[in-house]
Structures are given as structure tokens and as C-alpha cells.
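Written below as C-alpha cells is the structure these notes are about.
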Amino acid sequence: MIKLLSHLSYVAITTPDVEASVTFYEEQVGLTVVDRIDGAVYLRCWGDYYAYSLVILPGDEPSLATMAWRTSSAEALDEAAKRIEASGVQGEWVEDVHKIGRAYRFTGPFGHSMTLHWDVTRHDAPGHVASIYPDRPEKRSKIAGAPRQLDHVTVAAGDVDAFVQWYVDVLGFRFMARTVLDEAPISVFSVLTTNEKSHDLGVVLDGSSRAGRINHYAFWVDTREELLIAADTLMENGTPIEYGPNIHGIGEQTFLYYREPSSLRIELNTGGYRNYVPDWVANTWKPSQGSNNFYRNSAMPMSMTESFPPADGPSATEEGVPDEIKDALLNPYAQHGRG
Numbered sequence: 001m002i003k004l005l006s007h008l009s010y011v012a013i014t015t016p017d018v019e020a021s022v023t024f025y026e027e028q029v030g031l032t033v034v035d036r037i038d039g040a041v042y043l044r045c046w047g048d049y050y051a052y053s054l055v056i057l058p059g060d061e062p063s064l065a066t067m068a069w070r071t072s073s074a075e076a077l078d079e080a081a082k083r084i085e086a087s088g089v090q091g092e093w094v095e096d097v098h099k100i101g102r103a104y105r106f107t108g109p110f111g112h113s114m115t116l117h118w119d120v121t122r123h124d125a126p127g128h129v130a131s132i133y134p135d136r137p138e139k140r141s142k143i144a145g146a147p148r149q150l151d152h153v154t155v156a157a158g159d160v161d162a163f164v165q166w167y168v169d170v171l172g173f174r175f176m177a178r179t180v181l182d183e184a185p186i187s188v189f190s191v192l193t194t195n196e197k198s199h200d201l202g203v204v205l206d207g208s209s210r211a212g213r214i215n216h217y218a219f220w221v222d223t224r225e226e227l228l229i230a231a232d233t234l235m236e237n238g239t240p241i242e243y244g245p246n247i248h249g250i251g252e253q254t255f256l257y258y259r260e261p262s263s264l265r266i267e268l269n270t271g272g273y274r275n276y277v278p279d280w281v282a283n284t285w286k287p288s289q290g291s292n293n294f295y296r297n298s299a300m301p302m303s304m305t306e307s308f309p310p311a312d313g314p315s316a317t318e319e320g321v322p323d324e325i326k327d328a329l330l331n332p333y334a335q336h337g338r339g
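Just so you know, full-length UniProt numbering puts 224 at position 224 of the sequence shown, and the rest follows in order with no gaps.
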């Protein structure tokens, strides 16, 4: 099978107050605005190789507008579109996507918009921020703990196993690991990847009836020390840390979570392992084994179960669940945390 996807290239989010979010990303996170077009604001991390990695769009609620993935070739883009349509999902070709050009956009079976593209515009740093190092796209940010690049996105779906199977079968993602509840054989979290990272796509169990929700997206910093400095700097400037710093069992990344002004969750992570095994078989974790908390010594806050946009009611997947595990399904990470 031809390798279809290379990596996550950008995420586009919506927020009720675009300027509040933009100011936060510039002043607190350390991103740079590169374009403003028709209400959309395009930003980048100092180490992103392409023109941008985050798009902020106006919207009534915080949400994921689309997640974009670069294919491994122009031929892979065409092949991916064919396979998506053969699966029964109908997308559309979009011309002249900003600094990307031709792209294929579709909505997956669980309501998440995905944009696939091959063409890109590589970042060309102006002289005052051009790096002295040839492989570095721009000088390191002057803001403490500013991320080098976009890392991954984690969405929410009513059936974690079915979500994984579709993205593996149709787009060739590698299934890396999953978490099943201690209390019952219910999958609550899985990770997939397009490359050697432990994951660049995650999916958590969604107990709502609202499709296409996002739990968080993540940036990458080079070292654990930078992540700790980022946590310190955020706290000093009035941004609470929702969870962390700590280490995930699945992936073994050091992490912290915080919120942007719209309430959308951002993760900052670093470290972890690389996996090059082409026939890797995903292991099943339980929360008690440390899938989320490597040291098994603290509970994840209940707020981490929130995804976006806000839920609009209970899901049919809740029907028939025994009372003793219903709480675990509705709040599947309350006791031990997610991977």
C-alpha cells in the first residue's frame, strides 16, 4: 500500500473572539501572525517549515474547522481521494487554499473535517528574523517556552474503535495504542500516527450526540526544561495550567494542558519515543497501568473530559450501560486519566 499521509500540517479553529485568541497566541504562546484574509488569521510557530500551522476563524463556539494533512506525494493525494470516495465518503476538491493550492476536503464518518494537500508554501523568513542556522526556518522565539512546531490533534468520537478502523483502512494511519476502562471493556482513547511519532492523531470517547468535536491540539517544544518554563510563564501571566506537567504512559511525552481565551484546550508536550516498526501491533492499556499518568500518582481533573463545541445532550451509546459503569462511561477518565 502506498504511504498516503506524511504529517499534520495545520489546524483551523473557530472562536467567538478572534482578536482575543490572536493576542493570546502572540503574547502568551509565542506564535507569529503571518496573514489576515477575509476574517481568517494565519499564525505560525518559529520552527514551522511551512507558511502557517494555525488558522483562527470567527465562529459562535470554539471548534475544529478542519485538520490538514500533507500527503507523501502528489500521486498520494489523488490516491487518498479515490480511497475516501470508495469508502462511501464524498469529499470535494478545493482550489487555491491559502498558500497551499489544490486540496481535497472531506468530512469523516464521525463528523471531523479533514483537508489533504501536497503543495505547500515554505516559510521564507524576512531578514530581521532569519536564522543563522541553515536548516532552521526562523530565529528561535524570544518568548519563554514558545513552541517549535505543531505536534498533534486529538478529536472525540462516539466509537473509538470504529474511528480507528476507518482511518487505518482508508488513509493508512498506524494504530499505536489504546486505553480500555478497568471497569468494563470499553475503549476510551486511541492514538494513531502517520510517521514515527507515537501519535499525531488521537481520539477520545465522546458521550455526547454532537459530531466532529475536538478535545485538544498540541504544540511541541524541544526540551522538558522549556515546557516547565512555559508552565511557569503562563501561570505568572494569568493563564492557569489545567493539567500537568506530568508524563503520559502512552507515548511517554512530558505534557501540560491549558486553555486559550475561547476555552479551547491546548497541549504542550516534548520527549517521548519514536517507533519505526512497520508491522507494529497496538497494545491495550488500562488507566490503572498509567496510560495517562506514567507515575500513577494523581488523578486527571474532570475538566479534561470536556470537548468542543460543548455537548448538546447524552449519546445513544450510553443506553443500556449498567449503573455501576455509567459514570465511568460518561466521565471515563475520572479515576485514572486518559492516555
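We treat Cβ as the ideally placed atom computed from N, Cα and C, and that holds for glycine.
Check, Outcome
"Note the first and the last residue of the continuous alpha helix (DSSP H) segment covering Asp222.", "That residue, Asp222, is in no alpha helix (DSSP H); it is neither H nor E in DSSP."
"Taking 8 angstroms as the cut-off, does the segment 214–234 touch the segment 159–170 (at least 3 CB pairs, one atom from each stretch)?", "no"
"Does Tyr276 get closer than 8 angstroms to chain B when you measure Cβ to Cβ?", "Going by chain labels, chain B is absent from the structure shown, which holds only one protein chain."
"Does DSSP classify Ala20 as helix, strand or coil?", "helix"
"Between the C-alpha atoms of Glu92 and Lys82, what's the straight-line distance to the nearest angstrom?", "11 angstroms"
"Quick check on the DSSP output: the beta strand (DSSP E) that includes Ala40 runs from which residue to which?", "Ala40 to Arg44"
"Taking Ile143 as the reference, give the member of Leu227, Gly202, Leu54 and Ala103 with the closest Cα.", "Leu227"
"Which class does Leu77 belong to by DSSP, given the choice of helix, strand or coil?", "helix"
"Under 8 angstroms between the Cβ atoms of Val188 and His199?", "no"
"With a threshold of 16 other CB atoms inside 10 Å of the CB of Asp17, please say whether the residue is buried or exposed.", "exposed"
"Taking all protein chains shown into account, do 16 or more other C-beta atoms lie within 10 angstroms of the C-beta of residue 348, making it buried, or fewer, making it exposed?", "The question about residue 348 has no answer, for the chain in this structure spans 1 to 339."
"Note down the Cα distance separating Leu4 from Gly172, rounded to an integer number of angstroms.", "7 angstroms"
"Just mark Ile37 as buried or exposed, buried being the case when its beta carbon has 16 or more other beta carbons within 10 Å.", "exposed"
"Any heavy atom of the ligand GDP inside 7 angstroms of the beta-carbon of Arg296?", "Summarising the ligand content, the structure contains no ligands, and the ligand GDP is consequently not present."
"Can you list the beta strand (DSSP E) stretches of 3 or more residues lying completely in the segment 246–288, in chain order?", "253–259, 265–271 and 283–285"
"State buried or exposed for Arg213, treating a residue as buried only when at least 16 other CB atoms are found within 10 Å of its CB.", "buried"
"Please work out which residues of its chain come closer than 8 angstroms, Cβ to Cβ, to Gly101, disregarding the five sequence neighbours upstream and downstream, and give them in chain order.", "Glu95, His117 and Asp119"
"Among the candidates Ala311, Asn297 and Tyr217, whose CA atom is the shortest distance from the CA of Ile266?", "Tyr217"
"As an exercise, report each continuous beta strand (DSSP E) stretch of at least 3 residues that is fully enclosed by the segment 50–135, in chain order.", "54–58, 63–71, 92–97, 101–107 and 113–117"
"With DSSP as the reference, please indicate the residues paired to Asp35 in a beta bridge.", "Tyr42"
"In chain order, what residues of the same chain lie with their CB nearer than 7 angstroms to the CB of Asp48, ignoring the 5 residues before and after it?", "His123, Pro137, Gln149 and Leu150"
"In whole angstroms, give me the CA-to-CA distance for Ser53 and Ala68.", "9 angstroms"
"Which stretch, first to last residue, makes up the alpha helix (DSSP H) that contains Tyr165?", "Checking the displayed sequence, the identity of residue 165 turns out to be Gln instead of Tyr. Residues Val160 to Leu171."
"Is Glu138 helix, strand or coil when you go by DSSP?", "coil"
"Report the residue from Asn293, Val89 and Ala156 whose alpha carbon sits nearest the alpha carbon of Asp206.", "Ala156"
"Could you check what DSSP says for Gly313 in three-state terms: helix, strand or coil?", "Confidence is the limiting factor: at Gly313 the pLDDT is only 44, short of 50, which leaves the residue's position unreliable, though a coordinate-based value still follows. Looking at Gly313 - three-state DSSP - the assignment turns out to be coil, as it is neither helix nor strand."
"DSSP state of Met304, grouped into three classes?", "helix"
"For the candidate residues Val153, Val33 and Leu64, whose alpha-carbon lies nearest to that of Ala51?", "Val33"
"For Ala177, write down the residues that DSSP places opposite it in a beta bridge.", "Val191 and Asn283"
"What are the start and end residues of the beta strand (DSSP E) that includes Asp151?", "Gln149 to Ala157"
"Can you tell me where the beta strand (DSSP E) with Gly202 in it begins and where it stops?", "Leu201 to Leu205"
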